[in-house]
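Chains as they are written, first to last, in our numbering: chain A, 1 to 363; chain B, 1001 to 1363.
C-beta atoms are modelled at their ideal positions from N, C-alpha and C, and glycine is treated no differently.
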C-alpha cells in the first residue's frame, strides 16, 4: 500500500486547558481507506502517525508502525472500515507544534509554544473529527501514547467513541514511564546549545543531548537477544575488542542522521503532556475511578508482560473498574514478549488475533 | 564496625598486557580482621572497595556494600577469617588510576593512563597479595565486576584461589553489560568539556555527562516499586503535576554533589577494562572453555533472575563447564529479586544463606 501524509487546517481555534489560544491549528494525518465505519489510529510518543503502508514503491522502506494490522484483509480491514491515522498536537511530524509558525510573530513557536496536556491533545482530535464531519468513531486504537489518548478520548467524548483498543497502556501515567520522560526532558535541557529552547531562533541545534537520548533509546527499547546477535558475530583473537566495536557501532550507527530531523522543543512538549495524563483529570474533580467510569466504549486492553514502563497491572486496573460498573465492558490480555514496552509494535501476531476477535464481537 | 581505608605501595612494577609499565603502583584496601584463612572481597565497577562497616560512629552513614555479609557472626565471619577488601586498578577510589601522579611527568596520568584489561586488574591483585605475603586465598568473592575478577583470578592463579563466590556474573562480558558500558563511555566522551580527557589539566571538569550518566543509573539500577512509592505520595488537585515534580526531584536530587568526586577518565578506564573480560583470554589462545576449565577452585555462582545485564544463563554456563570437568565443583543458584542487576547488593538475605552453606561445605 502506497500512502501519503495529508494536512488540513482547522476552521476553529483550540483553547488549551491553561487558556492559550492556538489559532486554526493544523492536523497531519494519513487515510488508508475512505468508506465504512471509522477506525481512528493514534501513535506512540516518539513516533509519527505513519501507521501503515509505505511512502514509495521501494520495498526496503520501513512500513508504518502497525502495517501488519492495517490493510486489506488485515484486522483493521481497509475493505470494511475507513481507517485514518492522526498526528498528535505537539508532534514534530506535521501537526501544530513548537515547529509551527506562530501567527502573532511570524516565527516558529519554539519555546513559546504553550504547555499542553493530554486533554488538549484529545480535544485537538475531536476538532479534527468535527472538521471531517465524523460524528462517530467505531474504534479508536493505538500503542503507548496513542493507547492512553484513546482511553481519555473515550472518557471525554463517551458518545463519540464506540470502541477502544489500547495497547501498552494505563489509566494514568505510570511511575516508570514518567521517570523515563523526566530523564529525557532533563537530558535535553542540559544541552549547552539548548539555550532555553531558543536554539530554534539561533540556528544552532542542540544535537549532543539528542544523540544521548537516542542511544539510550536503542538500549532501552531493545532486548538482550538483539544485542547478543551483534555480540556473537566476531570470532578469533581479540574477540572481546571486536565485540565492543560492534556494540559501539550498534549504538552510534547513523545517529547523526537519525537526530537531524528531531526537535527537542517538540519532545519536551509531548513528554510533558503525556506526564499530565490521568483519566481522573481535573475536569472530573481529579477522581480517577470516576474518570474511568465515564468511558462507555467497549474496551480491549493489552499490556506486555515484560514492560517496565506499563506493567500489566496498570491496564488491568482500568479493565477492573470498567467491569465492576458494566459486566464484560472490557477485555484484558497480557501479551507474552521479550521486548518490553516496544512489544506493542513487535507482537503483531498476538495483537492481530485478539483484535480480530474483538471486532467480530462488537461489529 | 568502624573501618578505615589503607594504602600500600607495591615494591614491584606492573607491566600491562599491552606492555606499559606502571611503576610501583598503589593499592587501596580495607582490612576487617587480621587472623585466619584469607577472604578477599572485590567490588562492583561503579563502587569503591568499602565493603563493610562505617568510617565514623555516625549510624546514619551508609555502611559498606556487603555489610550484611561481613562481620562477627556474619557469613564472612571476622572471628574466623582474615577479611580484606581491595580496590581495583583504575578505580577512582585510591588505587593507581588516571587520577594518580605519573612519576615520569609529575602530573596526573589523566588520558595518558594506559589501556588496561581485566587480566591486568587481576595481576594487580596478585602483586598485592604477594606484597602482603599472602600465598593462599581461601575465598575470593565479589558482586558484578568483582565477581568476574574473582573467576578470572581463579583461572589465572588456580593454585592461589581455593574457593570462589561470584554474584551477578558471567565467564565473559555479556552483550547487555557491554552495551551499557559503551553507552556510558560514549556519553562521557561527548561532553563538550571532556576535551579528550585533558580536562584534568585544564581544571574544567565535564560534569554535564556525569550528571546524565548518574541520572540514567538512578533509573537503570532501580525498580518500578521504588518509583511508585515516590509517585504515590502526592494527592489532591494537579496530582500528576506534583508527581512529575517528585520524580524529577528523585532523578536530580543532590546530583551535583554526587558527581563532584567522580572522574570520567577513571570510569572510561574501568569500563573499557571490564569489556575485555573473557575467561578464554588471549593467554589461553582465546579458547573460552579451556579458560573456564583452568579454574581449580570450588565455585558458588549466583545470578539474579531479573538481571538484564547478567541473566542467569551466563553464570550457569560457567557452572556447567566446570561440572562437566569435575563433578560438583560448582554450585549455581538463581536469586529471586525485583531489583535486576543491583539485586547482587540488595538480596543479602538470600546470599547470606547460600554463602553460609557453601563455607560449611568447603571449610
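- Counting only runs of 4+ residues, the alpha helix (DSSP H) found wholly inside the segment 148-214 of chain A occupies 175-190, 199-202, in chain order.
- At the C-beta level, residue 1103(B) and residue 1007(B) stay beyond 8 Å of one another.
- Within 8 Å of the CB of residue 80(A), no CB atom of chain B is found; the nearest one sits about 38 Å away.
- Rounded to whole angstroms, residue 114(A) and residue 1099(B) show a C-alpha spacing of 47 Å.
- Contacts between residue 1227(B) and chain A, judged by CB atoms closer than 8 Å, involve 175, 176, 178, 179 in chain order.
- Interface annotation for the segment 237-260 of chain A against chain B: 237, 238, 239, 240, 241, 243, 244, 247, 248, 250, 251, 252, criterion Cβ-Cβ distance under 8 Å.
- Using a Cβ-Cβ cut-off of 9 Å, residue 1042(B) is close to nothing in chain A; its nearest Cβ partner there is about 20 Å away.
- Residue environment for residue 1059(B): exposed (fewer than 16 other C-beta atoms within 10 angstroms of its C-beta).
- Residues of the segment 1180-1192 of chain B that bring their beta carbon within less than 7 Å of a beta carbon in chain A comprise 1180, 1182, 1183, 1186, 1187, 1190, 1192, in sequence order.
- A Cβ of chain A is located within less than 8 Å of the beta carbon of residue 1277(B).
- By the criterion of a C-beta distance shorter than 7 Å, residue 202(A) is surrounded in its chain by 195, once the five residues flanking it on both sides are discounted.
- Here residue 1321(B) is near residue 1293(B), since their CB atoms are less than 8 Å apart.
- Rounded to whole angstroms, the gap between the alpha carbons of residue 1144(B) and residue 1344(B) is 7 Å.
- A straight line joining the alpha-carbon of residue 1310(B) with that of residue 42(A) spans about 36 Å.
- Exposure of residue 257(A) is indicated by the presence of fewer than 16 other C-beta atoms within 10 angstroms of its C-beta.
- Listed as beta-bridge partners of residue 1085(B) by DSSP are 1030(B), 1041(B).
- Counting only runs of 3 or more residues that sit fully inside the segment 1327-1356 of chain B, the beta strand (DSSP E) segments are 1330-1335, in chain order.
- Between the C-alpha atoms of residue 44(A) and residue 284(A) there is a straight-line separation of about 25 Å.
- Chain-ordered, the chain B residues with CB closer than 7 Å to the CB of residue 219(A) read 1179, 1180, 1183.
- According to the DSSP assignment, residue 25(A) belongs to no beta strand (DSSP E), since it is labelled neither H nor E.
- Of all residues in the segment 285-312 of chain A, only 286, 308, 311 come within less than 7 Å of chain B when Cβ atoms are compared, listed by chain position.
- The Cβ-Cβ distance between residue 1211(B) and residue 1255(B) falls below 8 Å.
- Closest by C-alpha distance to residue 91(A), out of 185(A), 269(A), 223(A), is 269(A).
- Taking the C-beta atoms as reference points, residue 1275(B) is found nearer than 8 Å to residue 1181(B).
- Here DSSP, grouped into helix, strand and coil, assigns residue 1015(B) to strand.
- Here residue 1260(B) carries a helix assignment [DSSP, helix/strand/coil].
- Residue contact with chain B for residue 211(A): present (Cβ-Cβ distance below 8 Å to some residue of chain B).
- As the crow flies, the alpha-carbon of residue 271(A) is around 12 Å from that of residue 88(A).
- Near chain B, meaning a CB-to-CB distance below 7 Å, no residue of the segment 10-26 of chain A qualifies.
- Within 8 Å of the CB of residue 339(A), no CB atom of chain B is found; the nearest one sits about 12 Å away.
- Taking C-beta atoms under 8 Å as the contact rule, residue 10(A) and residue 136(A) fail to qualify, at a distance of about 19 Å.
- Here DSSP, grouped into helix, strand and coil, assigns residue 72(A) to coil.
- At a cut-off of 8 Å between beta-carbon atoms, residue 1215(B) makes contact with chain A.
- Looking at the backbone, the Cα of residue 1075(B) and that of residue 1352(B) are separated by about 6 Å.
- By a beta-carbon distance limit of 8 Å, residue 1111(B) does not contact residue 230(A). Their separation comes to about 28 Å.
- The beta strand (DSSP E) runs lying completely inside the segment 1248-1327 of chain B and spanning 3 residues or more are 1298-1304, given in chain order.
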